[in-house]
Amino acid sequence: MGYSRYLLRRLGYALIVLFVIISFNFAIFRLMPGDATKMIIDPMFTPEAKAELRRQFGLDDPPLVQYVKYIGSLAKFDLGLSFSTRRPVINELKERLPNTMVLFLSSFVLTTMIGISVGVYTASKRGTFADSFVTGAGLFAYAVPSFWIQLLLLMLFGYYIPILPIHGTMSAPPPDGFFLQLLDRIHHLILPAGSNVVIAFGSWALYTRNTMLEALGQDYIVTARAKGLHEKTVLRHHALRSVLPPIVTLIFSALPGMVAGAVITETIFSWHGVGKYLLDAVMQQDYPAAQGAFYLIALAVVTCNLAADVVYGIVDPRIRVGEGGAK
Amino acid sequence: MKVRRFLLPVAICLILAMTYGSITAGQARWEPYGPYVDQIIMPIIKDSEAQLIAFNRGDVDVLPGLTRPADINIIKDNPNAEITMNYGFHMFYLCYNMRREPLADDVLRQAIAHVVDRDNIIQTLFEGYMLPLAAFLPPSSAYYNDEVPTYPYNPEEAKRLLDEAGYTVDPATGIRIDPKTGQPMRKMTIYTPTYEVAPTSAELGKIIAEACQAINLPVEPEPMDFPVMLDKIDYHDFDMYMLAWSLSRIPTSLWNFFHSSNDVEAGYNNPGIRDPELDKVLELLYDAPNEEVAKQAADEAQLILARRQPYTVLYSRPYMDAFRKDRFEGYVPMHGYGAANYTNKWTTLNIKPVRGKGGTVRWLLPEEPKVLNPCTGSSAYEWEVMGRLYDGMMEVDPETMQDIPWLAKSWDIETWEPAPGQEGTVITWHLEEGVKWHDGTPFTSKDVKFTVEYLKENQVPRYLDNVQKVVKVECPDDYTVKVYFETVSYWHLYRADLNFLPDWIWKDVEDYNTFEPWLEAHPEVSGLTKLIGHGPFILDQYKVGEYVRLKKNPIYWRLPAN
């Protein structure tokens with residue numbers, strides 16, 4: 001009963017947050033200075049042509065009318081027509097979303113797996129050269145700008161050791177046959193996903209290492225070791241298991257951040273995804289396109305936060321008791 | 001000082017640029033037949049570093065639109081690369097707000113023009129890869145007036161002009177006195193985009209401001225967010241700003257930019273120049289009955305503008321395109337558009353492999369074409385694809401920039417009476433016979449009539465200037481078409497030259513805005529989409545975000561004999 005109320009309350013918060021975000025989403029682009037039609041008008045356009053474009057874009061309507069239309073359309077998941085392409089934004093996002101998901105999920109899974117494994121390993125080798133090296137490398141990769149590392153990798157594997165594709169999700173044109181096409185796509189994924197791993201594994205490794213070190217100092221670990229358990233068993237079944245709940249919730253919280261990072265990766269590797277779409281839309285003041293992309297990201301953020309709350313409620317009963325009152 | 005003298009540094013820059021590495025500004029041989037390659041694959045690579053790597057490692061054969069000196073230097077070192085260089089229609093300028101004092105004074109603007117050191121700017125900021133320009137049309141334009149006086153770099157002359165006009169230096173502040181107020185001049189700003197968005201523009205603002213300060217003018221640079229800057233320009237809330245225009249070979253841009261009727265909010269007359277003498281000449285240019293009158297009017301307009309200096313023009317960016325000369329030949333440098341631009345029909349037709357026949361040329365697309373609809377496509381990247389699917393009534397000679405008959409084997413420009421006492425222009429196109437659409441249907445005068453009427457009826461913004469003054473279209477026979485305009489203007493010839501639409505595809509299109517012809521299959525011919533033209537290539541595949549593939553049109557009317 002307490003958990004249900006906790007969930008309902010969290011869901012209510014999520015919906016409110018979403019509503020506020022989409023309202024801001026509407027306002028923020030209209031508050032930006034400049035005329036949306038300016039970006040697509042050339043000097044040969046007549047005043048009549050400019051007026052016709054503004055009418056077609058619905059920019060002649062009062063802001064309140066535009067807002068009501070916007071909310072009404074969103075309720076039907078109609079994100080409108082892009083100003084720059086006149087195509088339905090939902091279709092443009094559908095074309096790009098699978099690419100972003102592939103890049104983002106593969107990067108995320110690899111980053112967390114490698115980062116957590118390295119964290120566990122370095123915690124068990126505290127003070128050794130391996131610990132110092134991995135910690136230093138992780139800190140370095142985390143501290144330097146991500147685009148710099150990506151450009152270095154682009155130069156290294158694109159030019160000096162030209163073994164990897166440097167742009168796109170497939171060859172132009174792709175090979176024939178499903179299996180060859182799959183290999184081709186994986187080949188194209190290596191550099192962008194690999195660069196994301198290089199950039200982000202360090203923070204996961206450091207977080208896991210520090211939490212593990214804390215856990216390894218606890219009494220139950222001493223007890224496990226005193227029982228004569230093998231060190232690997234102590235690490236995996238006792239220490240790691242006790243630090244997993246905060247790591248799992250951190251995974252959900254970190255998901256939206258990775259989506260935001262997709263903008264840079266997609267730009268550098270010409271990856272046809274939502275991140276680059278958002279960047280172009282903002283630069284061109286393409287309100288419907290930018291609103292659509294932001295809406296999608298906001299939805300992802302709210303959903304991930306909700307998922308984190310749900311998971312946290314499961315792994316730590318004190319949270320839901322605190323939220324719903326003592327039972 | 002005449003522009004001819006001014007062209008000396010241009011030549012020096014070009015020679016310097018061509019001294020090392022393989023850069024050519026000469027003309028290649030070309031013929032009006034082709035294409036010679038079987039297909040063009042256009043990989044979409046957006047990152048400039050990745051573009052460079054892709055070219056140098058051979059992933060692409062054509063890298064269009066080089067702008068960064070560092071990239072040009074790297075490609076010059078590649079023995080398999082050739083860079084072509086041509087004058088462009090680009091113009092970078094400093095605009096003055098003539099509505100505001102003290103910038104309303106011609107002498108002050110002329111003095112500022114004298115402190116612009118174009119050669120130094122081009123050498124320091126662009127390593128010599130720009131062409132100094134002081135005229136209001138670029139040299140690639142057939143209407144460029146090389147007799148126009150300029151204001152060569154001469155700070156002493158600037159000081160003399162100001163002193164003579166009463167802008168004496170106030171010994172207390174070191175700032176010149178405004179003779180109209182008797183007070184030190186107010187601070188004036190130069191708006192530029194920010195360093196993050198356009199570093200060279202921002203740096204130029206700083207350089208010009210410092211040059212003004214050196215002659216005791218209180219000018220400061222102010223980089224700002226680009227949309228904010230555009231907004232301020234629209235509402236005339238600026239002293240000076242620096243931006244660029246991409247012009248065309250038609251000089252009516254002078255009317256757009258400097259006629260007093262365009263001095264309105266969000267109009268194109270940003271400096272706010274209102275000069276009856278200039279207006280008269282620009283009206284003559286806009287409504288010129290023939291080429292000769294247009295040329296005279298353009299010449300005169302440039303002379304007035306040079307004197308009044310609503311802009312001080314700084315430089316023009318040449319078109320520089322890189323080709324893999326170890327694999328391909330036949331690319332044709334062309335003034336105004338470069339060798340790789342879609343407007344250059346001759347490279348599209350003439351490019352061929354160095355060894356063997358046919359083959360695939362890989363032609364880089366630096367951005368997503370997004371929408372392949374001739375009614376709504378607005379970006380250069382969309383036309384890089386669509387431009388190779390269509391032919392025009394006329395094409396442009398790459399050397400002389402003169403019109404060459406193409407789909408129209410000839411044309412007549414006459415006048416008619418739209419109403420008693422009124423005069424209008426009639427353009428008569430005499431079409432080539434034997435031209436076919438990609439699906440095999442003959443291209444006839446009815447297609448021209450349908451296109452003009454469709455664009456006018458639907459008020460398509462992109463073509464509104466082309467069709468809004470058309471009264472009617474007549475087809476005396478299948479290969480003759482007459483387009484009647486309600487006014488007289490030589491430029492109606494170019495307005496009547498459109499990207500023609502096949503009526504059997506477009507007549508049922510209810511909303512041209514949402515029509516996606518490249519995604520819909522042709523109703524009768526398999527392998528084709530509804531995006532068909534009569535040009536040398538056919539759209540075969542557009543893989544969004546990845547590449548575009550164009551295949552040779554096997555029924556093209558200008559295929560080579562063998």
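Top to bottom, those sequences are chains A and B.
Per this note's numbering, residue 1 is the first one in the first sequence, and the count goes up by one each step.
Per this note's numbering, residue 1 is the first one in the second sequence, and the count goes up by one each step.
For every residue, glycine included, the Cβ atom is placed at its ideal position computed from N, Cα and C.
Checking 8 angstroms against the spacing of the C-beta atoms, do residue i and residue j come in under that value?
i: residue 115 of chain B; j: residue 53 of chain B; result: no
i: residue 83 of chain B; j: residue 66 of chain B; result: yes
i: residue 25 of chain A; j: residue 273 of chain A; result: no
i: residue 42 of chain B; j: residue 504 of chain B; result: no
i: residue 331 of chain B; j: residue 347 of chain B; result: yes
i: residue 157 of chain A; j: residue 287 of chain A; result: no
i: residue 113 of chain B; j: residue 151 of chain B; result: yes
i: residue 500 of chain B; j: residue 425 of chain B; result: no
i: residue 138 of chain A; j: residue 206 of chain A; result: yes
i: residue 313 of chain B; j: residue 498 of chain B; result: no
i: residue 81 of chain A; j: residue 89 of chain A; result: yes
i: residue 520 of chain B; j: residue 530 of chain B; result: yes
i: residue 103 of chain A; j: residue 192 of chain A; result: yes
i: residue 389 of chain B; j: residue 539 of chain B; result: yes
i: residue 221 of chain B; j: residue 206 of chain B; result: yes
i: residue 481 of chain B; j: residue 473 of chain B; result: yes
i: residue 479 of chain B; j: residue 526 of chain B; result: no
i: residue 62 of chain B; j: residue 380 of chain B; result: no
i: residue 308 of chain A; j: residue 242 of chain A; result: no
What is the DSSP secondary structure of residue i, counted as helix, strand or coil?
i: residue 193 of chain A; result: helix
i: residue 89 of chain A; result: helix
i: residue 321 of chain B; result: strand
i: residue 549 of chain B; result: strand
i: residue 21 of chain B; result: Low local confidence applies: a pLDDT of 47 at residue 21 of chain B is under 50, so the model's placement there is unreliable, with the coordinate-based value given in what follows. The answer is coil: DSSP assigns residue 21 of chain B none of H, G, I, E or B.
i: residue 353 of chain B; result: strand
i: residue 418 of chain B; result: coil
i: residue 9 of chain A; result: helix
i: residue 224 of chain B; result: strand
i: residue 13 of chain B; result: Unreliable placement is indicated for residue 13 of chain B, whose pLDDT of 46 sits below 50; no coordinate value is reported for it.
i: residue 475 of chain B; result: strand
i: residue 363 of chain B; result: strand
i: residue 328 of chain B; result: strand
i: residue 368 of chain B; result: coil
i: residue 582 of chain B; result: Residue 582 of chain B lies beyond the range of chain B shown here (1 to 562); nothing can be said about it.
i: residue 51 of chain B; result: helix
i: residue 102 of chain A; result: helix
In terms of DSSP beta bridges, what is residue i paired with?
i: residue 178 of chain B; result: B/183
i: residue 572 of chain B; result: Chain B is shown from 1 up to 562; residue 572 of chain B falls before or after that span and cannot be answered.
i: residue 567 of chain B; result: With chain B running from 1 to 562 in the structure shown, residue 567 of chain B is simply not present.
i: residue 640 of chain B; result: Nothing about residue 640 of chain B can be read from this structure; chain B reaches only from 1 to 562.
i: residue 411 of chain B; result: B/429
i: residue 436 of chain B; result: B/442
i: residue 395 of chain B; result: B/404
If contact means a Cβ-Cβ distance below 9 angstroms, which residues of the region 201–217 of chain A contact chain B?
none
Stretch-stretch touch, CB-based, cutoff 8 angstroms, three pairs: the region 67–83 of chain B with the region 363–378 of chain B
no
Listed in chain order, which residues of the region 278–303 of chain B have Cβ atoms closer than 7 angstroms to some Cβ of chain A?
none
Could you list the residues in the region 89–100 of chain A with a C-beta less than 8 angstroms from some C-beta on chain B, going in chain order?
95, 96, 99
Can you list, in chain order, the residues of the region 143–175 of chain B whose Cβ is nearer than 9 angstroms to any Cβ on chain A?
none
Relative to chain A, which residues along the region 213–231 of chain B have a C-beta separation below 7 angstroms, given in chain order?
227, 228, 230, 231
Taking beta-carbon pairs under 8 angstroms, can you tell me which members of the region 529–544 of chain B lie near chain A?
541, 543, 544
Touch test, the region 237–253 of chain B against the region 185–195 of chain B, Cβ-Cβ under 8 angstroms, three pairs minimum:
yes
Of all the residues that make up the region 370–393 of chain B, which are near chain A by a beta-carbon distance shorter than 7 angstroms?
370, 371, 376, 378
So if I threshold CB-CB distances at 7 angstroms, which residues from the region 38–54 of chain B count as touching chain A?
41, 43, 44, 45, 46, 47, 49, 50, 53, 54
Against chain B: residues of the region 177–194 of chain A by CB proximity under 7 angstroms:
none
Contact list for the region 494–515 of chain B against chain A, Cβ threshold 7 angstroms:
513, 514
Given 8 angstroms as the limit, is there contact between the region 320–331 of chain B and the region 94–109 of chain B, that is, 3 or more CB pairs closer than that?
no
Counting only Cβ-Cβ distances shorter than 9 angstroms, please list the residues of the region 81–103 of chain B near chain A, keeping chain order.
none
At a Cβ cut of 9 angstroms, what residues of the region 161–178 of chain A count as close to chain B, listed as they run along the chain?
162, 165, 166, 167, 168, 169, 170, 171, 172, 173, 174
Given 8 angstroms as the limit, is there contact between the region 61–77 of chain A and the region 11–30 of chain A, that is, 3 or more CB pairs closer than that?
yes
With three or more C-beta pairs closer than 8 angstroms as the rule, is the region 140–153 of chain A touching the region 232–242 of chain A?
no
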